Amino acid sequence: MAFSPNGSRLCCGFENAIEIFDVSQPGAEGYRLHTTPTRSSRQGQKGIISSLAFSFVDSYSDSILAAGSFSGSIGLYDISGPVPLTTLLQPSQTGGITKLLFHPLSPHLLFAASRKSTHLDVWDLRNTSRTSSSGKLSRQGRTNQRLGFDIDPSGTWLAAGDQDGNLSIFSAQPLPDQLEPVTTFSLSSEPISTTLFHPFAPLLVTTSGARKFGGAPRTQRDSVDSIGCDSSEDDDGTDADVQEGGLDVEERNSLELWRLS
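Positions 1 to 261 (UniProt numbering) are the ones given, in order, by the sequence shown.
Shown next as structure tokens:
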């Protein structure tokens with residue numbers, strides 16, 4: 001979901017569509033902007049719209065809406081114009097789009113993260129004839145888990161977490177074709193799933209963790225009954241295996257607040 005810069009509209013992702021609500025009319029039905037003519041059509045943007053972001057031009061216009069889909073495409077929409085879809089961008093890798101973000105001070109720069117990708121894609125939208133990304137920020141993300149990134153309010157730095165628990169800091173200024181991080185910190189043994197700058201204070205929030213899957217549950221009673229023995233002698237035994245479902249998993253989920261200097 002994303003609010004328009006002037007706060008008048010709320011846009012929500014849908015399958016092959018974007019729902020647009022007028023927040024001045026609570027309870028009213030929204031307008032459905034179809035991203036493809038029909039389900040069977042090969043035109044337009046296909047798939048579930050998984051990420052939305054507005055470019056900020058001024059507080060009086062709706063500006064441009066970028067919409068990413070789980071099919072791996074990014075559409076640029078003028079939701080106030082007669083022809084909503086203006087451009088269809090193609091990331092360098094085909095994983096589903098997990099986050100879109102416009103540069104806060106240079107709204108012609110669009111950043112995108114996708115699943116199972118080794119980098120973030122960057123587009124300079126002043127060159128509308130080029131649909132492929134114009135820059136890449138290296139970060140390890142070969143996982144289906146969402147790995148967030150954010151740009152600080154001054155537009156100077158971009159912070160991105162990776163699947164190995166590292167936080168990388170990039171320059172968010174105009175980019176060459178390939179950009180390596182300025183510095184990298186090891187914060188966790190788990191993937192960094194969220195990275196968020198405070199809107200005006202020198203603070204950064206990160207979250208880490210991943211869903212864990214273990215083997216099938218197995219209890220002491222199951223093992224004893226399977227050989228036809230009386231299990232009454234074991235009733236006072238430990239129930240750890242039952243309570244934990246037979247899973248030996250250590251939880252390392254965290255939310256941390258960092259002061260920047």
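Every residue, glycine too, gets a C-beta built ideally from N, C-alpha and C.
What you are looking at is a predicted structure, and each value in this text was computed from that prediction instead of being measured.
Query	Result
Neighbourhood of Arg142 by C-beta distance below 8 Å, restricted to the same chain and skipping five residues each side	Lys116, Ser117, Thr118, Gln163
Ser232 burial status per 10 Å Cβ neighbour count (16 or more: buried)	Legend: pLDDT at Ser232 = 42, less than 50; position of this residue unreliable, value from coordinates given subsequently. Ser232 should be labelled exposed.
Same chain only: Cβ atoms within 7 Å of Ile20, ignoring 5 sequence neighbours per side	Arg9, Cys11, Gly30, Tyr31, Leu33, Ile79
Three-state secondary structure assigned by DSSP to Ile79	coil
Rounded distance between the beta-carbons of Thr206 and Ile192, thought under 8 Å	6 Å
Beta-carbon gap between Phe56 and Ser63 smaller than 8 Å	yes
Whether Phe170 touches Leu187 by CB criterion (8 Å)	no
Residue range of the unbroken beta strand (DSSP E) whose run includes Ile64	Where Ile64 is concerned, there is no enclosing beta strand (DSSP E), given that its DSSP letter is neither H nor E.
First through last residue of the beta strand (DSSP E) which encompasses Asp151	Per the sequence shown, residue 151 should be read as Ile rather than Asp. 149-151 is the span of the beta strand (DSSP E), which, as asked, contains Ile151.
Beta-bridge partners of His108, as assigned by DSSP	According to DSSP, His108 bridges with nothing at all.
Simplified DSSP state of Ile6, which is helix, strand or coil	The sequence given here has Asn at residue 6, not Ile. The answer is coil: DSSP assigns Asn6 none of H, G, I, E or B.
Given Gly95 as reference, the closest of Gly72, Leu109, Arg126, His103 once Cα atoms are compared	Gly72
Residue interval of the beta strand (DSSP E) (run including Leu33)	31-34
Rounded Cβ spacing between Lys136 and Leu120 (contact assumed at less than 8 Å)	7 Å
Coil, strand or helix - Leu96 by DSSP	The identity of residue 96 in the sequence shown is Gly, whereas the question assumes Leu. Coil.
Neighbour-count burial assignment, Glu190, 16 or more Cβ in a 10 Å radius	buried
Helix, strand or coil at Gly141 [DSSP, three-state]	strand
Close Cβ partners of Ser24 (< 7 Å) along its chain, the five nearest in sequence each way excluded	Ser8
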